[in-house]
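Step one of this worksheet: look at the structure below.
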Amino acid sequence: MSPSPPARRRRLHLPRRMFAQVLLMQVAIAAGVAVLATGLFLAPLSDQLDDQAMRRALAIAQTTAAQPQIAEDLTDTPATAGGPVQREAERIRTATKAEYIVVMDRRGVRWSHPTPSEIGRLVSTDPGQALAGHDVMQIDSGTLGRTARGKVPLRDGDGKIVGAVSVGIAYDSVRARLLHAIPGLFAYAGGALAVGALAAWLISRRVQRQTRDLAFSDISALLAEREAMLHGIREGVVALDRGGRIRLLNDEARRLLGIGDEAVGRSLDEALGEGRTADVLAGRVTGTDLLTVRGQRVLVANRMPTDDGGAVATLRDRTELEQLGRELDSTRGLIDALRAQDHEHANRMHTVLGLLELEMYDDAVEFVGEVVGDHRATAEQVAEKIQDPLLAALLVGKATVAAERGVALSLADRTGLPDRLIDPRGLVTIVGNLVDNALDATAGTPHARVEVELQAEGRTATLRVRDTGPGIPEEQRELIFTEGWSTKQRPAHRERGIGLPLVRRLAERQGGSATVGEAAGGGAEFTVVLPEALAAADLEPALTVPSDPHAHTVAEEESR
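Following this line, the structure appears as structure tokens:
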């Protein structure tokens with residue numbers, strides 16, 4: 060037969076729920092404390108009762124020895140059961156309920172005892188210390204059993220020691236007092252344990268509500284899942300406590316906001332600085348899908364309050380989406396411009412064809428020369444004054460778009476910009492935004508005109524864009540630089556209110572400024588000053604620092 064399998068050892072399993080485990084542990088702690096306190100109280104109580112019994116015996120002995128008649132009778136009368144010493148000792152013993160009162164002479168012979176037959180015999184314990192003049196307290200055993208004893212010397216009228224007095228208190232009475240105190244002590248301990256158990260239950264119920272009756276394993280799994288989720292998603296997550304301090308940041312939030320772990324525990328204003336981003340995350344700006352610009356990134360933020368008074372904010376990077384929206388707008392603009400050019404080109408071709416059919420060859424040549432010359436003159440004028448190829452190409456393209464929209468786009472006479480730009484893409488973004496805004500403001504108005512002025516002085520570049528539109532009211536001249544603010548209708552594919560905040564952010568990034576005022580002939584005049592826009596004249600253009608690749612990809616529109 061195969062051997063029987065070994066018996067499985069039964070293991071004690073704790074409850075799985077956190078509430079039950081906390082309750083069990085707290086009740087166990089309360090019971091342990093109650094038992095420990097009871098034991099610590101009982102240990103000194105026994106010693107205190109012994110000490111009280113010995114002191115009582117000593118006090119009776121001292122009172123007995125203080126009576127001079129007993130000392131005289133001890134020296135003048137024999138030790139008999141009916142003698143005066145025995146009668147006085149028994150009277151005192153009966154009155155004090157002592158176990159015994161023994162009066163002895165200097166030889167240790169008893170002159171009194173509760174058992175008369177013991178009178179005249181030597182005492183069972185050594186009376187040496189009392190006969191030597193010392194008071195003695197002790198727990199000892201004698202002919203009457205274990206007693207708490209007090210012994211004192213007995214002196215005559217001259218103060219000479221003539222004997223001793225020994226008084227005993229039955230130890231059984233001391234132990235009875237101790238046993239009598241135990242039920243009451245246990246009752247107090249039980250009451251304390253009951254109060255502790257009730258408090259433990261109330262605390263555990265609170266823990267149960269706050270932990271939603273989860274087990275420790277569930278909480279551990281949730282924490283692990285939370286960490287994996289927070290650091291795995293491509294949305295930034297910022298958790299705030301009820302005081303508005305950051306208590307959690309995931310990896311994406313650190314990247315989007317440009318902050319690290321040092322921001323945890325600090326307020327939003329301290330970690331991010333004052334601005335719209337801090338206001339949105341703190342809830343000082345309300346709404347859903349709120350736009351904000353952080354550095355060169357366009358972010359969409361949403362905020363959800365939590366039950367503990369804090370909040371969780373999520374951040375999405377809209378930079379690439381804004382780039383796609385800008386490219387879509389540019390594509391639509393180019394399509395409209397190409398459609399208009401195609402129509403104009405067809406008209407011109409019909410005109411040339413008519414001139415040729417009428418054999419007006421000289422007029423046809425002159426007409427073609429004028430058309431080609433106008434485009435060439437515009438390109439040559441821009442290239443002469445703007446030596447940076449990216450910026451020159453942008454202005455040539457904008458001039459074509461402006462012409463198709465019925466707006467005259469020109470460069471100011473004082474314009475001049477060398478090919479020494481440190482961040483040409485950043486300046487392209489700034490110029491593109493401001494020119495587009497100006498075209499939007501002037502298109503459809505009579506005698507529409509936009510003028511661009513770019514000047515260089517040392518390493519400082521100054522940009523001015525003037526238009527003949529309706530202008531910006533003075534009370535809105537700072538408001539238009541706020542993220543998300545715009546008077547334009549929101550297109551379906553992207554948000555408004557990004558371009559001008561980005562212009563100011565790019566300018567401030569280089570230590571400059573972006574402002575708006577009123578143009579001389581009416582309309583608006585935007586001024587951007589970039590103190591460090593140009594490389595030193597003795598440096599090669601090839602050594603210029605490239606800009607952030609995201610700088611030119613963000614929406615370039617006005618927040619009017």
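Residue numbers for the sequence shown follow the numbering used here, so the first one is 60 and each next one is one higher.
Even glycine gets a Cβ: it sits at the ideal position worked out from N, Cα and C.
- As the crow flies, the alpha-carbon of G528 is around 7 Å from that of A507.
- Looking at the backbone, the Cα of G485 and that of F585 are separated by about 16 Å.
- Inclusion of R362 and V371 in the CB contact set at 9 Å is warranted, their separation being smaller than that value.
- CA-to-CA, the gap between E321 and V94 works out to about 48 Å.
- Given a length threshold of 3 residues, each whole run of the beta strand (DSSP E) inside the segment 498–551 is given here in chain order: 508–516 and 519–526.
- Listed in chain order, the alpha helix (DSSP H) runs fully inside the segment 129–174 are 143–155, counting runs of at least 4 residues.
- In the displayed model, K219 falls within coil according to three-state DSSP, outside both helix and strand.
- When only Cα atoms are considered, V466 and E567 end up about 30 Å apart.
- Listed as beta-bridge partners of S183 by DSSP are no residues whatsoever.
- DSSP, read as helix, strand or coil, puts P483 in helix.
- Each of V494, G503 and R518 was checked against the Cα of E510, and the nearest Cα belongs to V494.
- Less than 9 Å separates the beta-carbon of D164 from that of V221.
- Sequence-distant partners of A438 (beyond 5 residues in either direction) whose C-beta falls short of 7 Å from its own C-beta, in its chain, are V455.
- Judged by pairs of C-beta atoms under 8 Å, the segment 248–258 does not touch the segment 128–135, as fewer than three such pairs exist.
- The criterion of a C-beta distance shorter than 9 Å is not satisfied by N492 and L538.
- Per DSSP, T474 is not a residue of any beta strand (DSSP E), being assigned neither H nor E.
- Take the alpha-carbon of V487 and the one of A462: they are about 20 Å apart.
- Three or more pairs of CB atoms, one per stretch, sit closer than 8 Å, so the segment 511–521 contacts the segment 574–591.
- Within the same chain, and ignoring the five residues on either side of D328 in sequence, the residues whose Cβ sits closer than 6 Å to its Cβ are A337.
- The three-state reading of DSSP puts L454 in helix, counting H, G and I together.
- Here DSSP, grouped into helix, strand and coil, assigns E311 to helix.
- A Cβ-Cβ distance of about 12 Å is found for the pair P483 and L513, leaving them out of contact under the 8 Å criterion.
- Excluding sequence positions up to five before and after V411, its CB lies within less than 7 Å of the CB of A423, F426 and V427, all in the same chain and listed in chain order.
- No Cβ-Cβ contact shorter than 9 Å links A592 with L453.
- Straight through space, the alpha carbons of R473 and I445 are spaced by roughly 11 Å.
- For D348, no alpha helix (DSSP H) segment is defined, and its DSSP state is neither H nor E.
- P242 and G324 have their C-alpha atoms roughly 54 Å apart.
- Per DSSP, the beta bridge partners of P364 are A370.
- Rounded to whole angstroms, the separation of the alpha carbons of I305 and T501 is 46 Å.
- N496 sits buried, since 16 or more C-beta atoms from the chains shown fall within 10 Å of its C-beta.
- The alpha-carbon of N406 is positioned some 17 Å away from that of T459.
- In the structure shown, I318 falls within a coil segment according to DSSP collapsed to helix, strand and coil.
- Closest option to L559, judged by alpha-carbon separation, among F540, T123 and P173: F540.
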